[in-house]
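Residue numbers (the numbering used here): 3 to 221.
Cβ atoms here follow ideal geometry from the backbone N, Cα and C, with glycine treated the same way.
Nothing here was measured: the structure is a model prediction, and the numbers come from that model.
Step one of this worksheet: look at the structure below.
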Amino acid sequence: SDYHAQLESYGELIRTLHHGRVTAPTPMGWWSWTAYYFGISEGAALTNAEFLAAQLRNFGYNFFHIDEGYQYARADYTSPVAYKFPHGIKKLEDQIRRLGLTPGIWTAPFEVSERSSVYANHKDWLVHNAEGRPIHAGFVTESPDTDTNLDPLYVLDATNPAAQQYLREIYKTLTDDWGIRYIKLDFMDDSAIEGYYYRPNTTALEAQRIGLQIIREAV
């Protein structure tokens, strides 16, 4: 009879069962997506970081988050677009930290776009249908305001040992090399699809939890 109390009870159970870390302060800062969408660049990022550090950091706005648009394709998260980031992401993030900000970055860990190196070279790493073909799972769209489709999407099979090693390498690079301390994991709903996985009789959510555990261990 009390839907709010029911939601509170549900949340408390999830927190207890999965040891949710709910006492951390809410992260505040700047992110690139709603200002630049795919147009984010090194110059725009640094300009905003300098403003954030000078004007808002003392009010608690200390996270600096680069969203989608820096990478060549979904799945190629350690391959920045060269003409947008001519000095690479590592050097930019070094500058972000020197400004006293916490660097963050966007990923969609289980999405693979058709123009990515994973799709081109490792289609066996993808979730397949009964006929052995990668399952098409949507498109990259240009922005929330348009239906322009840029790239077909597929789903990484997180039960495949080679795909697992790819995840480890990606997220170790982001944290150990680039110094990222906040990682966004996007499109988790889109990439939880049923299909034929490397590990037989695996559900989409089981596969996703396996992938998340690998990412957690890597970072």
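Output needed for residue i: all residues of its chain with C-beta closer than 6 Å, excluding positions within five of it in sequence on either side, in chain order.
i	result
residue 79	73, 109 and 172
residue 166	216
residue 106	65, 67 and 184
residue 209	160, 161 and 199
residue 182	105, 107 and 176
residue 196	206
Which residues in the same chain have their Cβ closer than 7 Å to the Cβ of residue i, if we skip the five residues on either side of it in sequence?
i	result
residue 33	67 and 69
residue 231	Absent from the model: residue 231. The displayed extent of the chain is 3 to 221, so no value can be given.
residue 111	169, 187, 213 and 217
residue 91	72, 82 and 180
residue 17	24
residue 48	94 and 97
residue 11	none
residue 89	44
residue 35	69 and 70
Measuring CB to CB, does residue i end up less than 8 Å from residue j?
i	j	result
residue 180	residue 44	no
residue 189	residue 113	yes
residue 162	residue 121	no
Return the Cβ separation of residue i and residue j in integer angstroms, given the expectation that the two are a contact with Cβ distance under 8 Å.
i	j	result
residue 141	residue 152	7 Å
residue 194	residue 176	Residue 194 to residue 176, Cβ: 22 Å. No contact.
residue 139	residue 157	5 Å
residue 38	residue 46	6 Å
So, is residue i buried or exposed, given that buried needs 16 or more other C-beta atoms within 10 angstroms?
i	result
residue 76	buried
residue 118	buried
residue 53	exposed
residue 87	buried
residue 15	exposed
residue 155	buried
residue 84	exposed
residue 7	exposed
For residue i, which of the options has the nearest alpha-carbon?
i	options	result
residue 103	30, 198 and 10	30
residue 123	164, 199 and 21	164
residue 27	9, 63, 130 and 56	63
residue 57	5, 211, 101 and 38	101
residue 204	191, 130 and 155	130
residue 59	98, 211 and 89	98
residue 220	182, 202 and 174	174
With a CB to CB cut of under 8 Å and the five nearest residues on each side skipped, what residues in its chain are close to residue i?
i	result
residue 22	16
Compare the C-beta of residue i against all C-beta atoms of chain D and say whether one is closer than 8 Å.
i	result
residue 181	Absent from the structure: chain D. Only one protein chain is present.
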